[in-house]
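Asks: So that we are looking at the same thing, I have put the structure below in structure tokens.
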Amino acid sequence: MGRNNNEARAAGAANPFVHELRLSAWRKLQVLLMGLVLFPVRVALAALLFLLMWPVAKLRLAGLSAEERAQPVRGWRSWVLHPMMLLLSRAVFFSLGFFWVKVKGRQAAPKEAPLLAVAPHSSFLDMLILCVAGLPTVVSRSENTTLPVIGALLEFNQSLLVSRKDPESRRRCAAQLSERLQSNGRWPQMLLFPEGTTTNGQNKHPVLLQDTVRGTPPPALWYTTSQLYTNITVEFLPVYSPSEEEKRDPTLYADNVQKLMAQKLGVPATDYVMEGKLPVWKLGCLCLPLEPPARKALTILQCTGMSDIKTLVQKMMDACQPGQETCIGAQELSSMLQLKVAAAVELCGLYSKDEQVDLRQLALSVAAVSGVWNLDSLIHLSFSLFDGDGKGSLTEKEMSDLFSALLGFSQRHVAALYLEVAGAGPPTQGEHSNPGFYSPPPLTTKYFFPIRNKCRVSAASNL
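In full-length UniProt numbering, the protein residues as written are 1 to 463.
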């Protein structure tokens, strides 16, 4: 009964990150006609204002050394240029139809709450909150610094920059974020659109957005600018001070803040998150996709004429030799499998944000849903790909990689699961059963082959 309910939930769940805008024929005509008039005028005004912001942004840090840029801006650069940028920023949104912004509650001072947690984040137009909050600093992708004007604005804001491809960049950004949040008000407030459970145990200032913006760019921009005006309400909730238990458990802290914000918005709180381009939901220590990428990947391969899936998987396995890099880009995948570049890019996008894919992940997930391999063969295949030393068992890292391959994206909380699996002794890939071996949640069989007693995992002696 529980299994059926869970599978029905996964199969029938709507993607909570996609809003399908349904308009009547008359409403579509109205949006089209008004958009033809308002869209070019408003976008041109916004572009002009962005150009005016560029010299102000460049002037703020002009002549400062790297050491000075690493400190909060003070003096005339702050009390002259900051109000100018705030005025121009508000003018941009005014030109797009955000004439009035209703504000509820009181914004706390940086000393009281160094972090503003803003939700929900549904479109780029949510950046209006920066104007309401007085241009707090933000965290952004380092790639955005190369964008015209946007890069200068990020420098003006002294934003923290992080690269998705560089683990060291993420660690450095986390350290800088922690330093700023514990500066006792020396740095301006930080604004985050929370997409995880990261926390440093500091007080959080929850902020709610309520607007009528719908869709994603460019439809959201067209729809919004075709309205005479757009309503938006910003509500500053009371500062949330974590309990000692919440300080020890970031997940509990994040869940409680989420429930509070959802209650104030009058909407249900869910366990859905985005992993890469996939919406997923939590099941114990695992995250399961609403739309498993393996089936989509198999469809893409079959639609491009790849009918011999067994040969295709074997080709990917041959490229996964011990000691070799298994993560490849779209171009390399295209050459290896004789695919069009567009198809290779789409395949990579199913598993990653940066047009790269782990060949082991692609090979095993496609094999699991193809129906070509039986269970015993899939178990052998998984150990061939992830048992790097050929020892017949998996380390915690190897098991994490295996689950990531089966589920379609990285699993961050496998440690507890691994301890449960390896707790009944040193299990291996042998034929003897292990009564203590982990039995996977029923729903996981929908997404990947069930791991039976004969496929067992043991800890390496050095763990």
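Using N, Cα and C, we set each Cβ at its ideal position, and we do this for glycine too.
(1) Out of Glu-332, Gln-321, Leu-347 and Gly-75, which has the shortest C-alpha to C-alpha gap to Pro-292?
(2) Going by DSSP, what residue range makes up the beta strand (DSSP E) through Lys-102?
(3) Within its chain, find whatever has a CB closer than 8 Å to the CB of Ser-95; leave out the 5 residues flanking it on each side and keep chain order.
(4) Considering only residues of the region 325-411, which uninterrupted beta strand (DSSP E) runs meet the minimum length of 3 residues and lie entirely inside it, listed in chain order?
(5) Would you kindly report the start and end of the unbroken beta strand (DSSP E) that includes residue 465?
(6) Just tell me which of Leu-38, Leu-33, Tyr-253 and Gln-189 has its CA closest to the CA of Pro-110.
(7) How would you call Ala-108, buried or exposed, if buried means at least 16 neighbouring beta carbons within 10 angstroms?
(8) Looking at the secondary structure, which residues open and close the beta strand (DSSP E) in which Ala-117 lies?
(9) Taking Leu-160 as part of the beta strand (DSSP E), name the residues at either end of that continuous run.
(10) From Asp-255 to Glu-325, what does the alpha carbon distance come to, in whole angstroms?
(11) Taking the Cβ atom as the reference point for each residue, do Gln-158 and Val-73 lie within a distance shorter than 8 Å?
(12) So is Phe-124 buried or exposed if we call it buried at 16+ other beta carbons inside 10 Å?
(13) Considering only DSSP beta bridges, list what Pro-206 is partnered with.
(14) Look up Val-92 in the DSSP assignment and say whether it is helix, strand or coil.
(15) Taking Cβ to Cβ, would you say Ser-226 is nearer than 8 Å to Val-31?
(16) My assumption, with CB atoms under 8 Å, is that Ala-344 sits in contact with Leu-333. Please give the rounded CB distance.
(17) Using a Cβ-Cβ cutoff of less than 7 Å, which residues in the same chain neighbour Leu-359 once the five nearest sequence positions on both sides are dropped?
(18) I need the straight-line Cα distance from Asn-200 to Leu-312, nearest angstrom please.
(19) Measuring CB to CB, does Leu-252 end up less than 8 Å from Glu-245?
(20) Given a cut-off of 8 Å, decide if His-82 and Leu-135 are closer than it, judged by their beta-carbon atoms.
(21) Hey, quick one: how far does the alpha helix (DSSP H) through Thr-270 stretch, first residue to last?
(22) Which residues in the same chain as Leu-298 place their Cβ atom closer than 8 Å to its Cβ, once the five residues preceding and following it in sequence are excluded?
Replies: By the coordinates alone:
(1) Translated into the one-based positions of the sequence shown, residue 292 becomes position 292. Considering only alpha carbons, the answer is Leu-347.
(2) By 1-based counting over the sequence shown, the position of residue 102 is 102. That run of the beta strand (DSSP E) goes 102-104.
(3) Numbered from its first residue, the sequence shown carries residue 95 at position 95. The answer, listed in chain order, is Arg-42, Leu-45, Ala-46 and Leu-49.
(4) Qualifying beta strand (DSSP E) stretches, in chain order: 327-329 and 356-358.
(5) Residue numbering for the chain in the displayed model covers 1 to 463; residue 465 lies beyond these limits and cannot be assessed.
(6) Taking the first residue of the sequence shown as position 1, residue 110 is located at position 110. Restricting attention to Leu-38, Leu-33, Tyr-253 and Gln-189, the CA atom closest to the CA of Pro-110 is found in Gln-189.
(7) Here the question's residue 108 lines up with position 108 in the sequence shown. Within a 10 Å sphere around the beta-carbon of Ala-108 sit 16 or more other beta-carbons, which makes this residue buried.
(8) Numbered from its first residue, the sequence shown carries residue 117 at position 117. Following the DSSP letters along the chain, one finds Ala-117 inside the beta strand (DSSP E) bounded by residues 115-119.
(9) As a first step, residue 160 must be located in the sequence shown, where it is residue number 160. 160-162 is the span of the beta strand (DSSP E), which, as asked, contains Leu-160.
(10) Looking up residue 255 in the sequence shown gives position 255. Looking up residue 325 in the sequence shown gives position 325. Each residue's alpha carbon lies about 37 Å from the other.
(11) Here residue 158 corresponds to residue number 158 of the sequence shown, with the count starting at 1. Here residue 73 corresponds to residue number 73 of the sequence shown, with the count starting at 1. Cβ distance < 8 Å, so Gln-158 and Val-73 count as in contact.
(12) What you label residue 124 is simply residue 124 of the sequence shown in a count that begins at 1. By the 10 Å Cβ count, Phe-124 comes out exposed.
(13) For the purposes of this step, residue 206 is taken as residue 206 along the sequence shown, with counting starting at 1. Beta-bridge pairing links Pro-206 to Ala-117.
(14) Along the sequence shown, one-based indexing puts residue 92 at 92. Residue state, collapsed to three classes: helix.
(15) For this step, residue 226 is matched to residue 226 along the sequence shown. For this step, residue 31 is matched to residue 31 along the sequence shown. Contact flag set, yes.
(16) Position 344 of the sequence shown, counted from the start, is the residue given in the question as residue 344. Position 333 of the sequence shown, counted from the start, is the residue given in the question as residue 333. Between Ala-344 and Leu-333, the beta carbon gap of about 4 Å places them in contact (Cβ cut-off 8 Å).
(17) Translated into the one-based positions of the sequence shown, residue 359 becomes position 359. These residues qualify, in order along the chain: Met-316, Ala-319, Cys-320, Thr-326 and Ile-328.
(18) One-based indexing of the sequence shown puts residue 200 at position 200. One-based indexing of the sequence shown puts residue 312 at position 312. Annotation note: pLDDT 48 at Asn-200 (below 50); position unreliable, coordinate value reported separately. Asn-200 and Leu-312: Cα-Cα distance of roughly 46 Å.
(19) Numbered from its first residue, the sequence shown carries residue 252 at position 252. Numbered from its first residue, the sequence shown carries residue 245 at position 245. Cβ distance < 8 Å, so Leu-252 and Glu-245 count as in contact.
(20) The sequence position of residue 135 within the sequence shown is 135, counting from 1. The sequence position of residue 82 within the sequence shown is 82, counting from 1. Yes.
(21) Position 270 of the sequence shown, counted from the start, is the residue given in the question as residue 270. Element bounds for Thr-270: n/a, residue is neither H nor E.
(22) Mapped onto the sequence shown, residue 298 falls at position 298. Ile-309, Val-366, Val-369 and Ser-370, listed in sequence order.
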